[in-house]
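*Asks:* To start, I am sharing the structure in question, which I have written as C-alpha cells.
In the numbering used here, the protein residues as written are 1403 to 1471.
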C-alpha cells in the first residue's frame, strides 16, 4: 500500500535548508519525513492514551506536552 504524505517533501527541504545555500537530496527529504512521522505517531498514541485515561475524547495540548517527554 502506498503511503500518503501528510507532510510535504518540499516542507522537509525547507526544514533542512533553513535559509542555507545547500541542496537537499530526495532521499534526505524522505528520511526526515519518516523520522518526523514515526515520532508524531508515537506522541499521538501516547496523547490519546492520556486523554482516554482521564475520560476525555479530546486531546489537549497538555497531553501532547506530556507525551513528548
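Cβ coordinates follow ideal geometry from the N, Cα and C atoms, glycine included.
Using the Cβ count rule (16 or more neighbours within 10 Å means buried), how would you classify residue 1403?
*Replies:* With a pLDDT of only 45 at residue 1403, under the threshold of 50, the placement of this residue in the model should not be trusted; the figure read from the coordinates follows. By the neighbour-count rule (16 or more Cβ atoms within 10 Å), residue 1403 is not buried but exposed.
*Asks:* Quick one: give me the first and last residue of the alpha helix (DSSP H) that residue 1450 is part of.
*Replies:* Taken as a continuous stretch (DSSP letters only), the alpha helix (DSSP H) holding residue 1450 covers 1428–1455.
*Asks:* Applying the criterion that 16 or more other CB atoms from any shown protein chain within 10 Å of the CB defines a buried residue, is residue 1462 buried or exposed?
*Replies:* Exposed, because fewer than 16 other Cβ atoms sit within 10 Å of the Cβ of residue 1462.
*Asks:* Apart from the five residues just before and just after residue 1433, which ones in its own chain have a Cβ nearer than 7 angstroms to its Cβ?
*Replies:* Cβ within range, chain order: n/a, list empty.
*Asks:* On the DSSP letters alone, give me the boundaries of the alpha helix (DSSP H) that residue 1415 sits inside.
*Replies:* Per DSSP, residue 1415 belongs to the alpha helix (DSSP H) from 1411–1419.
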